[in-house]
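Per this note's numbering, the very first residue in the sequence shown carries number 456; after that it's consecutive. The beta carbon of each residue, even a glycine, is placed where N, CA and C say it ideally should be. Treat the numbers as computed from the prediction; the structure is a model and nothing was measured.
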Amino acid sequence: MMPSRFQSYKSFFKQLTLAVVLLTTLPILMGAKKEYTVPVEGLDSALRKPHRIPIKRMFPDKPKFATLKKSPDRTYTMDRPKPLKRQTWWTIPKELKNKAFACQFNKQHVIVVDKEKGGALVAQWMIDQLNEREARNLPTTFGLATGSSPIPVYENLVKAFREQKFKTDNLSTINLDEYIGLEPGDSNSYKQFMRQHLIADLELTDDQFHIFDSQAQSENDPEIQRLQKLLTQNPRHFQLLGIGENGHIGFNEPDDTLSAETPTRIVKLTESTRKANAPYFGGDTTKVPTHARTLGPKDILHAERIVVLAWGEKKKAAIANSILGPIKPQVPASLLQKHLNVVWVMDAEAAATLFKQGGRVTREMARQFPTLFQTPEK
Ligand code: F6R
Numbered sequence: 456m457m458p459s460r461f462q463s464y465k466s467f468f469k470q471l472t473l474a475v476v477l478l479t480t481l482p483i484l485m486g487a488k489k490e491y492t493v494p495v496e497g498l499d500s501a502l503r504k505p506h507r508i509p510i511k512r513m514f515p516d517k518p519k520f521a522t523l524k525k526s527p528d529r530t531y532t533m534d535r536p537k538p539l540k541r542q543t544w545w546t547i548p549k550e551l552k553n554k555a556f557a558c559q560f561n562k563q564h565v566i567v568v569d570k571e572k573g574g575a576l577v578a579q580w581m582i583d584q585l586n587e588r589e590a591r592n593l594p595t596t597f598g599l600a601t602g603s604s605p606i607p608v609y610e611n612l613v614k615a616f617r618e619q620k621f622k623t624d625n626l627s628t629i630n631l632d633e634y635i636g637l638e639p640g641d642s643n644s645y646k647q648f649m650r651q652h653l654i655a656d657l658e659l660t661d662d663q664f665h666i667f668d669s670q671a672q673s674e675n676d677p678e679i680q681r682l683q684k685l686l687t688q689n690p691r692h693f694q695l696l697g698i699g700e701n702g703h704i705g706f707n708e709p710d711d712t713l714s715a716e717t718p719t720r721i722v723k724l725t726e727s728t729r730k731a732n733a734p735y736f737g738g739d740t741t742k743v744p745t746h747a748r749t750l751g752p753k754d755i756l757h758a759e760r761i762v763v764l765a766w767g768e769k770k771k772a773a774i775a776n777s778i779l780g781p782i783k784p785q786v787p788a789s790l791l792q793k794h795l796n797v798v799w800v801m802d803a804e805a806a807a808t809l810f811k812q813g814g815r816v817t818r819e820m821a822r823q824f825p826t827l828f829q830t831p832e833k
């Protein structure tokens, strides 16, 4: 007997449903079985809840949670990754209402605020995180930067420390980078910069303050290995960054090979960076060292939270390219798009191109920063 038209429709839909179910569940089932094996070094100290950690600590571009199984050969196996939500860990206090604007561009958090208030705001986030961890008896590590951008943050940290708003007994710091070829006591070394602007005032000992040596490199550069070990032993809970006019972070200069996997290493500085830093060397670019040691994007991206500071018009192009543009090695800070917990804190001048290209200006912002957002006269 010939099947009725109704029956053939029915079997067709049955097969279609089966195909859809198979197509949607198969990748999930395969994904659930997928396992990543990670080296154990440093992980023990990173794991407070031994069996559940964000994979992004190890694979910044796989932002998922995983359950870890420890194997006898001291490697961890992860399975059943689950999506990790973007966190909003920062707050803007009431007194900054209408003075600090939080917005999102290309899924990244941007806060527009003037330099002085921005410095106080970021210092407060760092103090909150430190105190919150201190209350749970946990040590904290901050990744720090030099240059002019973090100075307002450091000033506020020093002020708050003098007012006994936090303790530093359980704090350690690791700096991003250091020139190569300067004498240990050279006032232009980043070690001296940090001592002068923060470390001495926070009463941090040499065991708590870590930075590359500024001595010239030798064959296998044990200095890189030394810092690399410190990084694994002290996972950073907070990383402060500045951004170069050419989009560099740390001393990771634009080039064709840079990626989120580029490790901590020795780099050659570009002429534009040496020129930008010449004022610290009496305006003489030839006195600026040609090489430096820097944390690579791979290690920068392993920090739990990242704040990038940018003040002034000179940064506006780098900011727009890093936040709105595609991720590419010629704009090193664009690699930060791979991290889920980055907050960009900048003044209106640094935000200018971003807002022009992104085109989202609230009425309140336009009122607050009239010169920046006024419509050109016809
Ligand atoms: C410094 C560093 C650099 C600076 C950048 C911006 O440790 O890593 O990437 O953050 O060159 O410098 P400033 O803040 O002086 O504009």
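Member of the options whose CA lies at the smallest distance from the CA of residue i
i, options, result
"T623", "A805, L585, E610", "L585"
"V608", "I666, N776, V763, A806", "V763"
"I782", "S466, M801, F736, T712", "T712"
"V577", "V475, L696, I635", "L696"
"P594", "A758, K769, R691, T472", "R691"
"V722", "S789, E708, L791, T808", "E708"
"G602", "W545, E638, Q651, Q563", "Q651"
"M581", "K549, K620, V567", "K620"
"Y634", "D641, A747, K572", "A747"
"D632", "E658, F667, N643", "F667"
"F616", "L657, L795, L478", "L657"
"N630", "F693, D569, G636", "F693"
"N561", "W799, E804, D710", "W799"
"F664", "K646, R681, E678", "K646"
"N611", "P639, A773, F467, K570", "K570"
"P787", "F468, E700, K614", "E700"
"P677", "T719, I704, E638", "T719"
"A806", "S789, N796, A775, Q785", "A775"
"K753", "L791, G780, T740, T741", "L791"
"T717", "S466, E759, G751, K614", "G751"
"A803", "G780, Q672, A772", "A772"
"L724", "G705, D662, P784, Q670", "G705"
"N796", "A600, S627, V565", "V565"
"S714", "I755, I654, N675", "I755"
Heavy atom of the ligand F6R within 7 Å of residue i beta-carbon
i, result
"T745", "no"
"A758", "no"
"A408", "This structure cannot speak to residue 408, because the chain is shown only from 456 to 833."
"T717", "no"
"G697", "yes"
"H703", "yes"
"D668", "no"
"T740", "no"
"S642", "no"
"T725", "no"
"L631", "yes"
"F706", "yes"
"A655", "no"
"S789", "no"
"A600", "yes"
"S714", "no"
"S604", "yes"
"Y645", "yes"
Helix, strand or coil at residue i according to DSSP, with G and I counted as helix
i, result
"N675", "coil"
"N689", "coil"
"I704", "strand"
"K469", "helix"
"A557", "strand"
"L783", "First, the residue type needs correcting, since residue 783 is Lys and not Leu in the sequence shown. DSSP places K783 in strand when its eight states are reduced to three."
"K753", "helix"
"H652", "helix"
"A758", "coil"
"K517", "A caution first: K517 carries a pLDDT of 43, below 50, which makes its placement in the model too unreliable to give a value."
"Q670", "coil"
"T741", "helix"
"K552", "coil"
"N643", "coil"
"L790", "helix"
"T808", "helix"
"T728", "helix"
"S714", "coil"
"E409", "The question about residue 409 has no answer, for the chain in this structure spans 456 to 833."
"P734", "helix"
Beta-ladder partner(s) of residue i, from DSSP
i, result
"L696", "V763"
"V722", "A747"
"I778", "According to DSSP, I778 bridges with nothing at all."
"V475", "Per DSSP, none; premise fails for V475."
"H665", "I629"
"W400", "Past the edges of the chain, shown from 456 to 833, lies residue 400, and the structure says nothing about it."
In chain order, each beta strand (DSSP E) run of at least 3 residues that lies wholly inside the stretch 560-639: 563-568, 595-599, 626-630, 632-634
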